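S.K.: Residue 1 is where the sequence shown starts when you use full-length UniProt numbering, and the numbers rise one by one after that.
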Amino acid sequence: MTAHNSGTAGVPGEGNSRFEVLYEDNHLLGIVKPVNIPVQEDATGDADLLSLLKEDVKERFNKPGNVYMGLVHRLDRPVGGAMIFAKTSKAASRLSESVRTHSFHKVYLTVVHGQPPASQGRLINTLLKDAKSNTVTIVRKGTPGGKEAILDYTVLGSAEGYTLLKIDLLTGRSHQIRVQLAGIGCPLFGDQKYGSAVNRPGQQIALWSALVGFPHPVTKEEIELISLPPQTFPWNLWSRHLQKQAIR
């Protein structure tokens, strides 16, 4: 089953959600994550997505007591797009197992400065995170604390000095796409952390979770959540048709 950001699949809630719902049943909730909202509570104290979703489900279904909402994967705070949550602990456990066994598939769209050296390729790096500064750097293989990061990229088009890329994420490291693409001289549009030399403060990072695919934790049916980025600059340099076709 494929759920697009033009409607809801599965069992609808009792009322309208404050979020754009891509898929919902008794086990799962798939939404379009708004940009600039942290997925989990962080040091800023700003409202976080996990807490907001619990409140949303509690209100829509008139549920007493606490609402369970399991976090299966993450998106950086400035990144938007398709995201799946588990509504039961069993669903959370089975989805986490799908992540571990690589049957959980994630595709991103991003706009970068410049152009990669090839029309498609695989980037393999070792990444090291500095928790204090919340930054990630590429380090030599074997560096203590370093984790292997792998992604495949495909060039979809170029315009006005920017390139639209499809990213198949094969590992889920912190800031992975942003760091690896900056590492080949193609920082993401709007990324202040890893592309401050070419981006202006206030620009929205052009990274979008376009597809999340996985076997349903109960029915085993293959589920795909699809969300396209907003039609604002620089995304609007390329057609919606191109973006949609690229992620299938």
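Glycine included, every Cβ here is placed at the ideal spot set by N, Cα and C.
Just so it is clear, the structure is predicted and the values come from calculations on it, not from any experiment.
Within 10 angstroms of its Cβ, does Phe85 collect 16 or more other Cβ (buried), or is it exposed?
M.R.: The residue in question, Phe85, is buried, as its Cβ has 16 or more Cβ neighbours within 10 Å.
S.K.: When you compare each of Val136, Val57 and Leu28 to Asn16 by their alpha carbons, which one comes out closest?
M.R.: Closest option to Asn16, Cα to Cα, is Val57.
S.K.: Drop a sphere of 10 angstroms on the beta-carbon of Ala149, count the other beta-carbons inside from all chains shown, and report buried for 16 or more, exposed for fewer.
M.R.: By the neighbour-count rule (16 or more Cβ atoms within 10 Å), Ala149 is buried.
S.K.: Excluding the 5 residues preceding and the 5 following Leu228 in the sequence, name in chain order all residues of the same chain whose CB lies nearer than 7 Å to its CB.
M.R.: So the list reads Asn5, Ala210, Arg240, Gln243 and Lys244, once near-sequence residues are dropped.
S.K.: Cutting at 6 Å between CB atoms, please list the residues of its own chain near Phe19, excluding the five before and the five after it.
M.R.: Cβ within range, chain order: Ile31.
S.K.: Check this for me: beta carbons of Leu109 and Ser174, under 9 Å apart or not?
M.R.: Contact flag unset, no.
S.K.: Buried or exposed: which applies to Lys63, given that a residue is buried once 16 or more other Cβ atoms fall within 10 Å of its Cβ?
M.R.: Exposed, since its Cβ has fewer than 16 Cβ neighbours within 10 Å.
S.K.: With a cut-off of 9 Å, does the C-beta of Leu49 fall near any C-beta of chain B?
M.R.: Included in the structure is just one protein chain, with no chain B present.
S.K.: CB Gln176 to CB Tyr153, shorter than 9 Å?
M.R.: Their beta carbons are not under 9 Å apart, which means Gln176 does not touch Tyr153 by this criterion.
S.K.: For Glu148, which of helix, strand or coil comes out of DSSP?
M.R.: DSSP places Glu148 in strand when its eight states are reduced to three.
S.K.: Could you give the distance in angstroms between the alpha-carbon of Leu52 and the alpha-carbon of Ser96?
M.R.: Their backbone Cα atoms lie some 22 Å apart in a straight line.
S.K.: Starting from Ile177, trace the alpha helix (DSSP H) in both directions and tell me its first and last residue.
M.R.: Here the alpha helix (DSSP H) through Ile177 covers Gln176 to Gly183.
S.K.: Determine the contact status of Arg178 and Lys193, defining contact as a CB-CB distance below 9 Å.
M.R.: Yes, Cβ-Cβ distance for Arg178 and Lys193 is below 9 Å.
S.K.: Would you call the region 64-84 and the region 197-210 in contact, with 3 or more CB pairs under 8 Å?
M.R.: Touching, per the Cβ criterion.
S.K.: Please classify Thr232 as buried or exposed, where buried requires at least 16 neighbouring CB atoms within 10 angstroms.
M.R.: Under this definition Thr232 is an exposed residue.
S.K.: Once DSSP output is grouped into helix, strand and coil, what is the label at Gln204?
M.R.: In the structure shown, Gln204 sits in coil (DSSP, three-state: anything other than H, G, I, E or B).
S.K.: Using the Cα positions of Asn125 and Glu222, report the straight-line distance between them to the nearest angstrom.
M.R.: Computed Cα separation, rounded: 30 Å.
S.K.: Around the Cβ of Val11, are there at least 16 other Cβ atoms within 10 angstroms (buried) or fewer (exposed)?
M.R.: Caution is warranted here: a pLDDT of 44 is assigned to Val11, below 50, making its placement in the model unreliable, and the coordinate value is therefore given only provisionally. Exposed.
S.K.: Report, in whole angstroms, the separation of the C-beta atoms of His113 and Pro187, which I expect to be a contact under 8 Å.
M.R.: Right, the Cβ-Cβ distance comes to about 5 Å (below 8 Å), so this counts as a contact.
S.K.: Only counting runs of 3 or more residues, tell me where the beta strand (DSSP E) segments fall wholly within the UniProt domain "Pseudouridine synthase RsuA/RluA-like" (28-182), in order along the chain.
M.R.: Taking only runs of at least 3 residues, the beta strand (DSSP E) segments lying wholly in the UniProt domain "Pseudouridine synthase RsuA/RluA-like" (28-182) are 28-33, 80-86, 105-113, 120-130, 135-139, 147-159 and 162-169.
S.K.: Please report the Cβ distance between Leu169 and Leu151, rounded to the nearest whole angstrom; I am assuming they are in contact, meaning their Cβ atoms lie under 8 Å.
M.R.: Correct: roughly 5 Å between the Cβ atoms.
S.K.: Since I believe Leu123 is in contact with Ile184 (beta carbons under 8 Å), could you give me their beta-carbon distance rounded to a whole number of angstroms?
M.R.: That pair is a contact at about 7 Å.
S.K.: Out of Tyr68, Thr163, Ala246 and Thr101, state which residue places its alpha-carbon closest to the alpha-carbon of Gly172.
M.R.: Here the closest residue by C-alpha is Thr101.
S.K.: Just confirm the distance between the C-beta atoms of Pro116 and Thr163, as a whole number of angstroms; I'd bet it's less than 8 Å.
M.R.: With a Cβ gap of about 7 Å, Pro116 and Thr163 count as contacting.
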